[in-house]
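Participant: Just passing along the structure, written as C-alpha cells.
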Amino acid sequence: MSNIKIKKGDLVKVIAGKDKGNKGKIISVNHKNNTVLVEGVNMITKHTKPSAANQQGGIVHQEGPINVSNVMYLYDGKPARIQYQIKDGKKVRAAKVKDAEAVVID
29 MSNIKIKKGD LVKVIAGKDK GNKGKIISVN HKNNTVLVEG VNMITKHTKP
79 SAANQQGGIV HQEGPINVSN VMYLYDGKPA RIQYQIKDGK KVRAAKVKDA
129 EAVVID
C-alpha cells in the first residue's frame, strides 16, 4: 500500500530523471504503481490505429508515467514537503517549505 501525498491538480517540479527541473500539473495518480502523469513531462510517442475516436490514426505524443519519488510539490513556486495535520478535528494537508512553518494547503 502506497502513501502518496500529492494528488491530481497539484503543481509539481521534477527533481530527477531526463526532465529534471521541469514543472507541471498532475494529470493523474496511479496508487498501485506509485506513478503520476505530469503535464508536459516525460513525453512519449505512441503509434495508434484508426478508430472511431481517432479517425486518422498515426503518431500521438502523450505524457508517460513518472515515479512519484521523482516529483516534489511546489508551494508559491518553492519546493515543499507535504505533511498531514489535525485542524479542528479534521485531517488536512500542509506544505512545509525549507526554514518556514507548515502552511495548510487544503
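Position one of the sequence shown corresponds to residue 29 (our numbering), numbered consecutively onward.
C-beta: ideal position from N, C-alpha, C; glycine also.
Since the model is a prediction, treat every value here as computed from it, not as a measurement.
Which one of Leu102, Lys115, Gly117 has the shortest CA to CA distance from Val125?
Facilitator: Leu102
Participant: Give the straight-line distance between the Cα atoms of Gly86 and Leu39, rounded to the nearest whole angstrom.
Facilitator: Rounded to whole angstroms, Gly86 and Leu39 show a C-alpha spacing of 31 Å.
Participant: Does the segment 91-111 come close enough to the segment 43-63 to have 3 or more Cβ pairs within less than 8 Å?
Facilitator: Yes, the segment 91-111 touches the segment 43-63.
Participant: Select from Val69, Gly68, Gln84 the residue whose C-alpha is nearest the C-alpha of His75.
Facilitator: Among Val69, Gly68, Gln84, the Cα nearest to that of His75 is on Gln84.
Participant: With distance defined between alpha-carbon atoms, name the residue in Lys53, Ala80, Pro93 nearest to His59.
Facilitator: Pro93
Participant: Can you grab the Cα-Cα spacing for the pair Gly105 / Asn70, in whole Å?
Facilitator: 21 Å
Participant: Please classify Val57: is it buried, with 16 or more other beta-carbons within 10 angstroms of its beta-carbon, or exposed?
Facilitator: Val57 comes out buried.
Participant: Any idea which residues DSSP pairs Gly52 with across the strands?
Facilitator: Val40
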